[in-house]
Each structure stands twice: as structure tokens, then as C-alpha cells.
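The sequence shown begins at 83 in our numbering and counts up one residue at a time. Cβ atoms here follow ideal geometry from the backbone N, Cα and C, with glycine treated the same way. Source: prediction; values computed, not measured. The block underneath contains the structure these notes are about, expressed in C-alpha cells.
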Amino acid sequence: MVPKGKAHLHDYVVVDNEGVAEGVQRLVMRAPALAAELMGGQFVNVAVPGDPSHLLRIPLAFSAADAAAGTVELEFAVVGEGTRRLAAMAPDQGATVVGPCGNPWRVGEGQGRSVLVCGGIGVTPIVACARMLVAAGVVFDVVVGAGTAAKLWGTDELEALGAGRVVVTTDDGTAGRKGFTTDALADLLASGSYGMVYTCGPEVMMRGVARLCAEAGVACQVSMERMMTCGFGACNTCNVPAAKGGYLSVCMDGPVFDAEEVAW
Ligand SMILES: Cc1cc2nc3c(=O)[nH]c(=O)nc-3n(C[C@H](O)[C@H](O)[C@H](O)COP(=O)(O)OP(=O)(O)OC[C@H]3O[C@@H](n4cnc5c(N)ncnc54)[C@H](O)[C@@H]3O)c2cc1C
Ligand code: FES
Numbered sequence: 083m084v085p086k087g088k089a090h091l092h093d094y095v096v097v098d099n100e101g102v103a104e105g106v107q108r109l110v111m112r113a114p115a116l117a118a119e120l121m122g123g124q125f126v127n128v129a130v131p132g133d134p135s136h137l138l139r140i141p142l143a144f145s146a147a148d149a150a151a152g153t154v155e156l157e158f159a160v161v162g163e164g165t166r167r168l169a170a171m172a173p174d175q176g177a178t179v180v181g182p183c184g185n186p187w188r189v190g191e192g193q194g195r196s197v198l199v200c201g202g203i204g205v206t207p208i209v210a211c212a213r214m215l216v217a218a219g220v221v222f223d224v225v226v227g228a229g230t231a232a233k234l235w236g237t238d239e240l241e242a243l244g245a246g247r248v249v250v251t252t253d254d255g256t257a258g259r260k261g262f263t264t265d266a267l268a269d270l271l272a273s274g275s276y277g278m279v280y281t282c283g284p285e286v287m288m289r290g291v292a293r294l295c296a297e298a299g300v301a302c303q304v305s306m307e308r309m310m311t312c313g314f315g316a317c318n319t320c321n322v323p324a325a326k327g328g329y330l331s332v333c334m335d336g337p338v339f340d341a342e343e344v345a346w
């Protein structure tokens, strides 16, 4: 495992940059040393060339790190100035990226069947989690949610990785089951025996997933997202309240936590 606090600076060059769903961009960067070190659930802090008044790096999860090809794949929602400029970068343009940041998903030896629950842009680190489960020989089912069909992505990737059941939910019913990912998870937990649930998505969704898992007695890991200023444990911008009191930092203690560590 790469110990936390071992992030360092890498150069990157854009290989490919294209839309995959409404408002969602996939950027493939070449950064060979980073690609060799990243573990699913960790994140990178990307610099985007351009407006010098926009100095902060953008923290982003990744869905694939290919050590042989030297590439890292990021999917991100275009929500503001930084992600808009990142989405506009052309192949062969580049800058710097800091990583690997934070701690990865944990996969136990002999871990039982697992469920991956993701919503919106939370699909990105869940695809990386699926790759870890495949490598460890753990079978898994998936619940993928989006507001509407046009914003849905990741089901092809997760099916190709060998997910057993792939349940799609949309808030408006334009694809899959109408409703929330938590409705589908409740049905899965009632019908099967699971050893672990992994989740990433809107906080309200993860809170619901954590509650269902606690009620069912199934262990759960969550990947938290917070605004980040420094990205290395110095500013407290990214703190989340801890169940035991005090705070945990998403950038250094997370972004992956056991659900029961967090005061929801
Ligand atoms: C560990 C981690 C992993 C992340 N992984 C991904 C990912 O894989 N894909 C992805 O699309 N996004 C991810 N994010 C969120 C991403 O960093 C923000 O969307 C991005 O920084 C916005 O930058 P911007 O300059 O485009 O927007 P800004 O102009 O800075 O902000 C636009 C809007 O987004 C909100 N926002 C900005 N940063 C965050 C944040 N960190 N959390 C919640 N809201 C925010 C702002 O409040 C504002 O409303 C991750 C964040 C963290 C902390
Ligand atoms: S972003 Fe500064 S402490 Fe986490």
C-alpha cells in the first residue's frame, strides 16, 4: 500500500478528453509514475493551465490507472471555472498533478459478495473499486443512479468488469427503476447475503446507504467529498465530524472511511 502523505508532483499530458454523459467529461492523462502508484479510492490534485487568478488544484478521483500504458482516467462533472477549463484541454496539452492522495478502498481477504452503490459523479471511484474487487476475486453487484437518463454513465464499464447484477435507478424514471439508489439497495440487502457495501455519491445518498447497512449489520465504506484548499492536512477546510467526536480530514484521513467513523 502507498502510505498516506506520500503524494508528490508529476507532469501530465492529455491523451484524450471527451464527454461521456450530459455535463460529464472523461479525461485520459499520461503520467506513468502516478499510474503505477495509484490505488482505487485515492485521488489526484490536478493543476489546469490558464487564468492565474484560479490557483487551486482540482481534487478528482480516478476510474482507471493503467501502469502498462502509463495512463490515468478521470471522469468529472463540469461545474465551475476549473473543471470547465480542464474539459477544454486538448490532447498534448499538459500541466502538473499531485498524487497519489489519501487512502484507498479496503478489500478484505476472502471478503464475501459486495455491493457497489454510486450516484452521479460518484461512479468514478466506484469503477476503480470494481477493478480492485476483480483483482481480489470478490464477486459484486452494482446499483448506479442518476437524476435522469442523459446523466447516466458507468453501467457499460461495470458490466464489462463482470458485475453480477447491475441495477439502474433514475430520479425521473427515464432509465431503469424510478427512484433512488437506496430503494434498490434496500431490496438487495433484503434478498441476499453481502459482506461489504462500497458507496460514493451525493452525501444524502451515502447517509442513507450507511443507515441501511447499519440496520442490516453489513460493513460499509464511503468515499467523502469536501471543498479542499491545501490538500495535505494543513487548512482544515475538508474536515468531517467524526462519530467518536472531533473531526477527520477528507484529504489525509480519507477520502475513504468506514461509514461508522463518520457522524452523519
Ligand atoms: C477527494 C475528492 C474527489 C473528487 N472526485 C471527483 C470526481 O471524481 N469527479 C468530479 O466531478 N468531482 C470530484 N470532486 C469534486 C471536484 O473537486 C469539484 O467539483 C471541483 O473542484 C470544482 O472545481 P471548479 O473550479 O470547476 O468549480 P468551482 O468554481 O470551484 O465550484 C463550482 C461549484 O462546485 C462546488 N464545489 C467545488 N468543489 C467542491 C467539492 N470538493 N465538493 C463539493 N462541491 C464542490 C462549489 O461550491 C460550487 O458550487 C472531488 C472532490 C474531492 C474532495
Ligand atoms: S484540504 Fe486542507 S486539510 Fe484537507
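**Report entry** Cβ-heavy atom distance, A316 to ligand 3, below 8 Å
**Finding:** This structure does not include ligand 3; its bound ligands are ligand 1 and ligand 2.
Requested in this report: Go ahead and label G101 buried or exposed: buried means 16 or more other beta carbons lie within 10 angstroms of its beta carbon, across all protein chains shown.
Outcome: The residue labelled residue 101 in the question sits at position 19 within the sequence shown. Burial call: exposed.
Query raised in the report: Would you call the stretch 222–241 and the stretch 191–203 in contact, with 3 or more CB pairs under 8 Å?
Result: yes
Query raised in the report: Assuming V96 contacts P182 under a Cβ cut-off of 8 Å, what Cβ separation, rounded to an integer in Å, is found between them?
Result: Here residue 96 refers to the residue found at position 14 of the sequence shown. Here residue 182 refers to the residue found at position 100 of the sequence shown. Actually they are not in contact, since the Cβ atoms of V96 and P182 sit about 19 Å apart, beyond 8 Å.
Query raised in the report: So, helix, strand or coil for A159, using DSSP?
Result: Within the sequence shown, residue 159 is the residue found at index 77, counting from 1. The answer is strand: DSSP assigns A159 an E or B state.
Query - Beta carbon of V130 nearer than 9 Å to that of F144 - result: If you number the sequence shown from 1, residue 130 lands on position 48. If you number the sequence shown from 1, residue 144 lands on position 62. Cβ atoms of V130 and F144: not closer than 9 Å.
Requested in this report: Kindly identify the DSSP beta-bridge partner or partners of H92.
Outcome: The sequence position of residue 92 within the sequence shown is 10, counting from 1. V179.
Query - heavy atom of ligand 2 below 8 Å from N99 C-beta - result: For the purposes of this step, residue 99 is taken as the residue at position 17 of the sequence shown. Incorrect: N99 has no Cβ contact closer than 8 Å to ligand 2.
Report task. Under 7 Å Cβ to Cβ from M214, same chain only, skipping five residues before and after it: list those, please. Result -> Here residue 214 is taken as the residue at index 132 of the sequence shown, counted from 1. Only G122, W187 and V189 meet the Cβ criterion.
Query raised in the report: So, are the CB atoms of P323 and A345 less than 9 Å apart?
Result: Reading the sequence shown from its first residue, position 241 is the one you call residue 323. Reading the sequence shown from its first residue, position 263 is the one you call residue 345. For P323 and A345, yes; Cβs fall inside 9 Å.
Query raised in the report: Y329: buried (16+ other C-beta within 10 angstroms of its C-beta) or exposed?
Result: Mapped onto the sequence shown, residue 329 falls at position 247. So Y329 ends up on the exposed side.
Query raised in the report: In terms of DSSP beta bridges, what is Q303 paired with?
Result: The count along the sequence shown starts at 1 and reaches residue 303 at position 221. Note: Q303 sits in a beta bridge opposite Y280 and D340.
**Report entry** heavy atom of ligand 1 below 8 Å from M171 C-beta
**Finding:** For the purposes of this step, residue 171 is identified with residue 89 of the sequence shown, where counting begins at 1. No, ligand 1 has no heavy atom inside 8 Å of this Cβ.
Query raised in the report: Heavy atom of ligand 1 less than 8 Å from the Cβ of F339, yes or no?
Result: Taking the sequence shown and counting its residues from 1, one reaches residue 339 at position 257. Answer for F339: no, Cβ out of range of ligand 1.
Requested in this report: Evaluate contact between the stretch 146–161 and the stretch 105–121, counting only Cβ atoms and requiring at least three cross-stretch pairs below 8 Å.
Outcome: yes
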